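2 protein chains.
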Amino acid sequence: MRPVNIGLLGLGTVGGGTVTVLTRNASEITRRAGRAIQITHAAAQFYDPQRISGLDQIKHIGSDPFAVVNDPDVDIVIELIGGYSPARELVLAAIENGKHVVTANKALIARHGNDIFAAAQAKGVTVAFEAAVAGGIPIIKALREGLAANRIEWIAGIINGTGNFILTAMRDQQRPFAEALAEAQALGYAEADPTFDIEGIDAAHKLTILGSLAFGIPLQFDKTFTEGISKLHAQDVHFAAELGYRIKHLGIARRTAEGIEMRVHPTLIPHRRLIANVDGVMNAVLIKGDAVGPTLYYGAGAGALPTASAVIADVVDIVRALTANPHHRVPHLAFQPGELSDTPVLNIDQIETAYYLRLFALDQPGVMAQIAGIFGEEGISLEAIQQKEPADGDTHVPLIMLTHRVREARMNQAIRRIEALDAVSGAVVRIRMETLAG
Amino acid sequence: MRPVNIGLLGLGTVGGGTVTVLTRNASEITRRAGRAIQITHAAAQFYDPQRISGLDQIKHIGSDPFAVVNDPDVDIVIELIGGYSPARELVLAAIENGKHVVTANKALIARHGNDIFAAAQAKGVTVAFEAAVAGGIPIIKALREGLAANRIEWIAGIINGTGNFILTAMRDQQRPFAEALAEAQALGYAEADPTFDIEGIDAAHKLTILGSLAFGIPLQFDKTFTEGISKLHAQDVHFAAELGYRIKHLGIARRTAEGIEMRVHPTLIPHRRLIANVDGVMNAVLIKGDAVGPTLYYGAGAGALPTASAVIADVVDIVRALTANPHHRVPHLAFQPGELSDTPVLNIDQIETAYYLRLFALDQPGVMAQIAGIFGEEGISLEAIQQKEPADGDTHVPLIMLTHRVREARMNQAIRRIEALDAVSGAVVRIRMETLAG
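Protein chains in written order, with this note's numbering: chain U, 51 to 488; chain F, 51 to 488.
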């Protein structure tokens, strides 16, 4: 049987890693796939030949990606350019030409996946995106196939390594956010413009994809709530640790009676949870299914070789299934098209969670009673309340509160009322809290 | 398209769970598979109708399993009887009749898998066994498909929940083995005859399967070294903890230049490792691939619903692929048949690992020098050596040693010489140690 021909778009970090792994492990991969897999045509604007081993195996390297997707000899296109344009046009052209597509482009899938999958379904080709979420961890496959028997209850994931590295540094070395970010940039774990990572946008792209696979809803990136880590105080990381919690930047997708919660934000989790101990640039995703219970998947969320591992796993899947009836392939969003659900994605005000709160209040009798009175009126139960020592000369003391679960709209209302008190100075710091117990 | 018909053998714990999940989540499962899936024929010697919901959905329940595998309307047979006979005869008959098979039977696959897969390949049907290893965790799928791009370097797994429950109780509550076992039995986590679990035979069945998938070698259960936990002293659990280690009953499969290590035994691991903190009946498998790096998979390793989750995931896979060309399905042992490797499985003497050692020696000058001298002559480096306080009136003191990595044959030799010293009383306790760092 003739080899399968790959058209590769992009020879950056992941593209280079893909060439390296495909050539280095060619014999293992062929033994598994049943056919040889070769890159016949690649396109890149710039690349460093010294840093990519196996480049000499590629028949033709040019600079025009459209030449690759229009090349009649290419069976599968791997899109590793990133961004929206021309990635979207290239992917749609590849599909139009009857080619399968493998991509690592979480932003493209999150925003344009619905259209891309519809085009692929109509044409009878596959678009695979394991590499778009959590690097080398086969999380898409686990969710879409391994847990196919379950009604998924919730997902909670550390799915951005940059943010996790920063939070680990803030805790381990008790550093403020800006210093930890600078270290991440120096080590190459954060871009010069780190906005997508630290503001949670990258995590929100990935969570959107996980949520659709879990709950069988169309991709709705614009409905995913995003709150970054740039406003986190080292102080809160410290107080949380004293109370027995770690702060992680979690992506949470949860099914409730009213609809689906889709939210990315800093979250306190009990330090005993395995996921609370996932540090540095590693990723981890917790999935709770109604039959299997809680399952955790952990590994490298980024990097040339780990991401290449996921890209090539998708290629092997496609190669193995190449003669299968398109109607019987694994559906893109796990659920057969036409079977997607219209369950609504909830606004952040409608979610239910617990909270860590910190505020500055006058160190006077009656103040705590005032604050507790507001919580009581809003129907919010307190799990703990602590008063910290004031700094020398301060008239105000830090008050820390842990609440039980309550709807965010009520918490917003309580916070507004507390901030309005004369005895309270400044804003109330609020960090959401999840037990992730079951 | 007509529904897919399942023939179910066994209505015990997992069989009952399978019926329950298949009926309860029928709509989600159908939405994912693209076809309805129904159990048309089941056979069991005895079952409790009160404890299994959805039983009324099964068209015919009898007591003859051969009637099920010979039933012309059945497409897929699910074997949940366990054991070797008649499970083996039933599976082979189902294959002969052109039916696909899904099983949870780790013992059967470990011992007879080579023949079973050959028969299935010749007939063009699939035998799937996700439920045979680590319960609901989709580990077989991860290894065989998700990590297909990697050269697997090693696997380390907590793959028997009974043993892990006992070790957790020994540490958390400082109990001796016999008490912890009794508690496990009282809670239903261990059988009346717990031999398969505590002596590591069950874990060895599962490790055999994982090793074959990872390294592309035929299943060779008889070459897997097994050492149980029944001889573990509460003392060693305690000393290990003082030194910063946990003791887990690990299954380890490792590729070396000389061949494949396949071994199940108590193992010290640094307490900071995520896997060291997997407690109770949960399972976890660490897999290191050369591209992806270390990945961890965690979840419920046993139980009616978690195991049913894995059984049904396999069924959905088969349903999705039902029209695929048999030559293009995912190969049973991950590697295409005819592409299996003849890399040898090493004897336990040939493995390399580090050790925790405990012995009793006379509390006299010169004794430590004697012992250290033997290690030096055998080329064994010591990482740590500690002398503990003797119990009142004892002439001998406990000595604890941590060594660096060395070949087991040399350690055996060193131990023989140390045990022969006049100053040493009794046997040397030896527990292997792994850093699982990379």
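Backbone N, C-alpha and C fix where the C-beta goes; we use that ideal spot for every residue, glycine too. What you are looking at is a predicted structure, and each value in this text was computed from that prediction instead of being measured.
- Contact check, F/Tyr348 vs U/Leu324, beta carbons under 8 Å: Yes.
- Message: I'd like the ranges of any alpha helix (DSSP H) spanning at least 4 consecutive residues and lying wholly in the stretch 425–457 of chain U.
- Response: Counting only runs of 4 or more, we get nothing.
- Message: If I measure Cβ to Cβ from F/Asn200 and keep anything under 6 Å in the same chain, skipping five residues before and after, which residues do I get?
- Response: Contacts found: Gly339, Asp340, Ala341, Val342.
- Item | DSSP state of U/Leu407 mapped onto helix, strand, coil | Residue state for U/Leu407 is assigned as strand, using DSSP reduced to three classes.
- Mind listing the chain U neighbours of F/Ile187? Cutoff is C-beta to C-beta under 7 Å, in chain order. Per Cβ cutoff of 7 Å: Thr345.
- Query: Could you give the C-beta distance for F/Val177 and F/Lys149, rounded to a whole number, given that I count them as a contact under 8 Å?
  - Reply: Between F/Lys149 and F/Val177 the Cβ distance is about 10 Å, and since that is not below 8 Å, they are no contact.
- Message: Looking at U/Ala303: is its Cβ nearer than 8 Å to the Cβ of U/Arg296?
- Response: Going by beta carbons, U/Ala303 and U/Arg296 fall outside the 8 Å limit.
- Item | Cβ pair F/Ala137, F/Ala181 closer than 8 Å | Using a Cβ distance threshold of 8 Å, F/Ala137 and F/Ala181 do not count as a contacting pair.
- Please list the partners that F/Ile79 has in chain U, where partner means a Cβ-to-Cβ separation under 8 Å. Neighbours of F/Ile79 on chain U, chain order: Ala198, Ala199.
- Task: Kindly indicate which residue of U/Ala358, U/Gly476, U/Leu372, U/Lys438 has the alpha-carbon position closest to the one of U/Thr68.
- Result: Answer by Cα proximity: U/Ala358.
- Going along the chain, which residues of the stretch 108–119 of chain F sit with their C-beta nearer than 7 Å to a C-beta in chain U? Legend: CB atoms of the stretch 108–119 of chain F lying less than 7 Å from CB atoms of chain U are not found in any residue.
- Query: Using 8 Å as the limit for Cβ to Cβ distance, is F/Glu195 near chain U?
  - Reply: Yes, because at least one Cβ of chain U sits closer than 8 Å to the Cβ of F/Glu195.
- Distance, Cα to Cα, U/Val417 vs U/Ile468? Going by the C-alpha atoms only, they are around 10 Å apart.
- Among F/Asp413, F/Pro268, F/Val456, which one has its Cα closest to the Cα of F/Tyr405? Nearest option by C-alpha distance: F/Val456.
- Can U/Thr317 and U/Leu336 be called in contact, C-beta distance under 8 Å? Note that the C-beta distance between U/Thr317 and U/Leu336 is not below 8 Å.
- Task: Rank U/Thr80, U/Ala170, U/Gly60 by C-alpha distance to the C-alpha of U/Phe116 and give the top, closest one.
- Result: Of the listed residues, the one whose Cα sits closest to U/Phe116 is U/Gly60.
- Item | Opening and closing residue of the beta strand (DSSP E) in which U/Val127 lies | First-last of the beta strand (DSSP E) with U/Val127: 126–129.
- Message: With a threshold of 8 Å between beta carbons, is U/Leu355 in contact with chain F?
- Response: Taking 8 Å as the CB threshold, U/Leu355 lines the interface with chain F.
- U/Asn210 to U/Asp252 span [Cα, whole Å]: Cα-Cα distance, rounded: 7 Å.
- Message: Against chain F, with Cβ distances strictly below 8 Å, would U/Val342 count as a contact?
- Response: Yes, because at least one Cβ of chain F sits closer than 8 Å to the Cβ of U/Val342.
- Message: Threshold first: 4 residues or longer. Then list the alpha helix (DSSP H) segments lying entirely within the stretch 147–217 of chain F, N to C.
- Response: With a minimum length of 4 residues, the unbroken runs of alpha helix (DSSP H) contained wholly in the stretch 147–217 of chain F fall at 156–173.
- Query: Within 10 angstroms of its Cβ, does F/Glu308 collect 16 or more other Cβ (buried), or is it exposed?
  - Reply: With fewer than 16 Cβ atoms within 10 Å of its Cβ, F/Glu308 is classed as exposed.
- Item | Residues, ordered as in the chain, of the stretch 262–277 of chain U that lie near chain F by beta-carbon distance below 7 Å | Going along the stretch 262–277 of chain U in chain order, one finds Gly266 with a Cβ nearer than 7 Å to chain F.
- Query: Since F/Met220 sits in a beta bridge, which residues does DSSP pair it with?
  - Reply: DSSP lists no partner for F/Met220.
- Of the listed residues F/Thr70, F/Asn75, F/Ile79, nearest to F/Ile368 (C-alpha basis): Just measuring C-alpha positions, the residue of F/Thr70, F/Asn75, F/Ile79 sitting nearest F/Ile368 is F/Ile79.
- Query: Beta carbon of U/Ala411, beta carbon of U/Val447: below 8 Å?
  - Reply: The Cβ-Cβ distance between U/Ala411 and U/Val447 falls below 8 Å.
- Message: Based on DSSP bridge pairs, tell me the residues matched to F/Phe275.
- Response: The partner list for F/Phe275 (beta bridge, DSSP) reads F/Arg313.
- Message: Would U/Ile56 and U/Ile89 be called neighbours here (beta carbons separated by less than 8 Å)?
- Response: With a cutoff of 8 Å on beta-carbon distance, U/Ile56 and U/Ile89 are scored as near each other.
- Bridge partners - F/Lys338, DSSP secondary structure assignment: Bridge partners of F/Lys338: F/Trp204, F/Pro344.
- Query: Would U/Gln224 be called buried (16 or more neighbouring beta carbons within 10 Å of its own) or exposed?
  - Reply: Exposed, because fewer than 16 other Cβ atoms sit within 10 Å of the Cβ of U/Gln224.
- Task: Taking the CB atoms as reference points, tell me whether F/Ala473 and F/Ile424 lie closer together than 8 Å.
- Result: Cβ atoms of F/Ala473 and F/Ile424: not closer than 8 Å.
- So, is the C-beta of U/Ser135 closer than 8 Å to a C-beta in chain F? The beta carbon of U/Ser135 does not come within 8 Å of any beta carbon belonging to chain F, so the residue lies off that interface.
- Query: In this structure, what does DSSP give as the bridge partners for F/Met332?
  - Reply: F/Ala350, per the DSSP bridge assignment.
- Message: For F/Gln88, report the span of its alpha helix (DSSP H) as first-last.
- Response: In the DSSP assignment, F/Gln88 falls outside any alpha helix (DSSP H) and within the unbroken beta strand (DSSP E) covering 87–93.
- Beta-carbon proximity list for F/Leu197, same chain, < 8 Å, skipping 5 on both sides: Counting only Cβ-Cβ distances below 8 Å, and skipping sequence neighbours, we find Ile337, Gly339, Val342, Thr345.
- Task: Would you please state the rounded distance, in angstroms, between the beta carbons of U/Thr13 and U/Ala160? I believe it to be under 8 Å.
- Result: As shown, chain U starts at 51 and ends at 488. That puts residue 13 of chain U outside it, with no answer to give.
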